[in-house]
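Just so we're aligned, residue 1 is where the sequence shown starts under full-length UniProt numbering, counting upward by one.
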Amino acid sequence: MSGSVLLGKMIALWVAGAVAWQASDMLVKTLRATPELDLAARIEGGAAIDQAYLDRFDATYPEARLDGICDARIRRARVSIALARLDLAVTGDDLERVDAARAAVLDQTRRLIACVPTDGNAWLRLAMVEIADGGLTPAVSASFAHADRLAPFEGWVLRGRLPFYADLAARGVEAFREPARRDFALLVEFGTNPAGVVAVVQRWPGLFRNFYLDRLGSMTARERRRHYAAADRVGLDIGQPRQPAETVPFLDPPGVGRRRP
């Protein structure tokens, strides 16, 4: 056997061993974090989780056992669980619990970012909690900049980011006016959620109404009809033509021609 063939086989064995070790290591980590992954999936699926359940979960599965694990799925699961705790704390009247829950979200999100620094959604979550904690500091602005640069411009991201940006812009934080309008323009451009577009315009008309009316003028007739229908369902006037009055044959005698307004 030539030296080059032997070397090739040794390299192949080394690569196979490395892949097997990595797969085994990933399996061990996943098994260790299965409770967190399952709970996060339930939370993200809309399951109702109360504080007593989370307290029992913490007692049964202490977080320290996951220290040192840099796995994006596991770290994201821990963030989801921490956010659920914060949501529960905010609905109560215990300020100390709220402060502790907010600190836990910041800690978990920073751990996720340390593990996956290119996760733009994690940067966005960090900024959202930081701004509630200490206002628009330079560090918070930097987090938002990272989120804008790294988060994908997709519908699932816009659903969380656009309302947050719009709310800040409506409160007079000018730094978020253009990002909010940019995200709204993307939501309109996607064209898949007229009801969502209408809901945004209805909630923040001062920010988006004029832009929306301009965009309606450039849509096809079919696209406009979809938006008009969505606006009709919630009673929002966006210049849509009035629907013709409805004839009610069982109430209107023949020849009378009365119409329901």
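Every residue, glycine too, gets a C-beta built ideally from N, C-alpha and C.
Here the structure is a predicted model, which is why all the values come from computation and not from measurement.
(message) Quick check on this structure: which residue in VAL140, ARG209, LEU150, TYR53 has the alpha carbon closest to the alpha carbon of PHE176?
(response) For the residues VAL140, ARG209, LEU150, TYR53, the minimum Cα distance to PHE176 belongs to VAL140.
(request) Go ahead and pull the three-state DSSP assignment for ALA23. (result) Legend: pLDDT at ALA23 = 41, less than 50; position of this residue unreliable, value from coordinates given subsequently. The answer is helix: DSSP assigns ALA23 an H, G or I state.
(request) Could you check if ARG171 is buried or exposed, using at least 16 other CB atoms within 10 Å of its CB as the buried criterion? (result) Answer is exposed; the Cβ neighbour count stays below 16.
(message) Only counting the same chain, and skipping five residues up and downstream in sequence, which positions put a Cβ closer than 8 Å to that of GLY196?
(response) In chain order, ARG159, LEU187 place their CB closer than 8 Å to the CB of GLY196, counting only its own chain and leaving out the 5 sequence neighbours on each side.
(message) Taking 8 Å as the threshold (C-beta atoms), are ARG161 and ASP133 in contact?
(response) One thing to note: ASP133 has its Cβ no nearer than 8 Å to the Cβ of ARG161.
(request) Assign ILE238 to one of three DSSP states: helix, strand, or coil. (result) Looking at ILE238 - three-state DSSP - the assignment turns out to be coil, as it is neither helix nor strand.
(message) Within 10 Å of its beta-carbon, does residue 281 have 16 or more other beta-carbons around it, so buried, or fewer, so exposed?
(response) In the structure as shown, the chain starts at 1 and stops at 261, and residue 281 therefore has no counterpart that could be examined.
(request) Entirely within the region 166-239 and at least 4 residues each: give me those alpha helix (DSSP H) ranges in chain order. (result) The DSSP assignment places complete alpha helix (DSSP H) segments of no fewer than 4 residues inside the region 166-239 at 177-190, 194-203, 205-218, 221-234, in order along the chain.
(request) Measure the C-alpha to C-alpha separation of ALA41 and ASP67 and round it to an integer number of angstroms. (result) Approximately 21 Å, taken between the alpha carbons.
(request) With DSSP as the reference, label LEU66 as helix, strand or coil. (result) The answer is helix: DSSP assigns LEU66 an H, G or I state.
(message) For PHE184 and PHE211, which I take to be in contact (beta-carbon distance under 8 Å), what is that distance rounded to the nearest angstrom?
(response) That belief holds up - the Cβ atoms of PHE184 and PHE211 are roughly 7 Å apart, short of 8 Å.
(message) Could you check whether ALA77 and ALA33 sit closer than 8 Å to each other, using their CB atoms as the reference points?
(response) For ALA33 and ALA77, yes; Cβs fall inside 8 Å.
(request) Leaving aside the five residues before and after ARG239 along the sequence, list all residues of the same chain whose C-beta is less than 8 Å from its C-beta, in chain order. (result) A small fix is needed here, since residue 239 is Gly in this sequence, not Arg. Within its own chain, the residues whose Cβ lies closer than 8 Å to the Cβ of GLY239, once the five positions on either side in sequence are excluded, are LEU213, LEU216, listed in chain order.
(message) Rounded to whole angstroms, what is the Cα-Cα separation between ARG85 and GLY45?
(response) Going by the C-alpha atoms only, they are around 16 Å apart.
(request) Put VAL79 into one of helix, strand or coil per three-state DSSP. (result) Three-state DSSP puts VAL79 in a helix.
(message) Between the alpha carbons of PRO241 and ILE49, how many angstroms are there, rounded?
(response) Rounded to whole angstroms, PRO241 to ILE49 spans 46 Å at the Cα level.
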